[in-house]
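> Structure below; questions to follow.
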Amino acid sequence: MRDSGITGRYVEATFDSFAVATKEQQAALEVCRAFTGPAFHADQGNGLWLIGPPGTGKSHLGAAMVGDVINRHTKRAYIASARQIVRRLRATWRRDASENEEEVLEAFGLPALLVLDEVGLGFGTEGEQIQLLDVIDLRYTLKRPTVLLSNLNAPLLRTALGDRAFDRLREGARTIVCNWPSHRGARLSTE
Ligand SMILES: Nc1ncnc2c1ncn2[C@@H]1O[C@H](COP(=O)(O)OP(=O)(O)OP(=O)(O)O)[C@@H](O)[C@H]1O
Ligand SMILES: [Mg+2]
11 MRDSGITGRY VEATFDSFAV ATKEQQAALE VCRAFTGPAF HADQGNGLWL
61 IGPPGTGKSH LGAAMVGDVI NRHTKRAYIA SARQIVRRLR ATWRRDASEN
111 EEEVLEAFGL PALLVLDEVG LGFGTEGEQI QLLDVIDLRY TLKRPTVLLS
161 NLNAPLLRTA LGDRAFDRLR EGARTIVCNW PSHRGARLST E
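Offset between the sequence shown (1-based) and my numbering: plus 10.
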């Protein structure tokens with residue numbers, strides 16, 4: 011779990027700690043639970059997209075899936091924002107870099123599960139799209155499942171990711187629309 015990308019408040023984020031108030035939340039929870047369920051495989055080649063506004067628990071569910079793969083399947087799993095991946099790839103170009111580009115590609119490309127968080131946020135130059143495409147293409151080639159979390163709808167995601175990355179991630183992916191009130195707001199009103 012120490013090398014999972016799960017930090018801070020998300021250490022507590024599990025399927026069991028995801029509070030369910032509506033049918034839609036229940037359905038989203040079930041789909042996420044099933045995704046890393048008993049049949050989970052590092053080469054299952056599918057994907058899952060959680061799309062919705064801020065505070066709806068996308069990162070929570072993403073962290074829960076990563077935790078499940080690590081704890082139950084004892085396989086490597088990682089959650090990272092698209093920007094974190096681009097930043098770590100870019101850091102390899104420095105003269106005093108501690109890891110090379112190939113190592114970073116494999117760190118994100120090989121795990122049994124990658125949860126790609128905050129896709130499309132503050133990112134999208136052609137150079138950045140190509141760097142992320144290298145990771146996505148490696149996972150696609152190896153049929154590694156990838157979960158995508160974003161505030162953007164499909165047309166905006168296509169623009170942010172570029173056609174080639176979008177197309178690979180979309181193959182075999184199921185989309186869950188997380189369209190319920192922000193948990194962040196909910197908590198404030200009861201404090
Ligand atoms: N249904 C829920 N039950 C319990 N905690 C929740 C639930 N939904 C969200 N949370 C908690 O609320 C906080 C915000 O949720 P989270 O960060 O997962 O939202 P998000 O959808 O990723 O938002 P953003 O799009 O802004 O990244 C987190 O601490 C998360 O654990
Ligand atoms: Mg989030």
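A virtual CB, placed ideally from N, CA and C, is assigned to each residue, including glycine.
When you get a sec, list the residues whose CB is within less than 7 Å of any heavy atom of ligand 2, chain order please.
Every residue passing the under-7 Å Cβ criterion appears here: Lys-68, Ser-69, Asp-127, Glu-128, Leu-159.
> For Gly-132, count the other beta carbons within 10 Å of its own beta carbon; 16 or more makes it buried, fewer makes it exposed. Which is it?
Counting from 1 along the sequence shown, the entry for residue 132 is found at position 122. Burial call: exposed.
> Buried or exposed for Met-11, going by 16 or more other Cβ atoms inside 10 Å?
Counting from one through the sequence shown, the residue named residue 11 turns up at place 1. So Met-11 counts as exposed.
> Is the beta carbon of Thr-102 less than 8 Å from the beta carbon of Glu-116?
As a working mapping, residue 102 is identified with position 92 in the sequence shown. As a working mapping, residue 116 is identified with position 106 in the sequence shown. No; because the gap between Cβ atoms is not below 8 Å, this pair is not in contact.
> In terms of alpha-carbon separation, which member of Leu-171, Val-145, Thr-24 lies closest to Pro-46?
One-based indexing of the sequence shown puts residue 46 at position 36. The sequence shown places Thr at residue 46, rather than the Pro named in the question. Taking only the C-alpha atoms, the option nearest Thr-46 is Thr-24.
> So, at 6 Å on beta carbons, what are the nonlocal neighbours of Gly-15 in its own chain, with the 5 sequence-adjacent residues on each side left out?
The residue given as residue 15 occupies position 5 in the sequence shown. Excluding residues within five positions, the ones whose Cβ falls inside 6 Å are Tyr-88, Ile-89, Ala-90.
> Rounded to whole angstroms, what is the Cα-Cα separation between Pro-48 and Leu-179?
The residue labelled residue 48 in the question sits at position 38 within the sequence shown. The residue labelled residue 179 in the question sits at position 169 within the sequence shown. Pro-48 and Leu-179: Cα-Cα distance of roughly 23 Å.
> Please state whether DSSP places Gly-57 in a helix, a strand or coil.
Numbered from 1 along the sequence shown, position 47 holds the residue referred to as residue 57. Strand, per DSSP.
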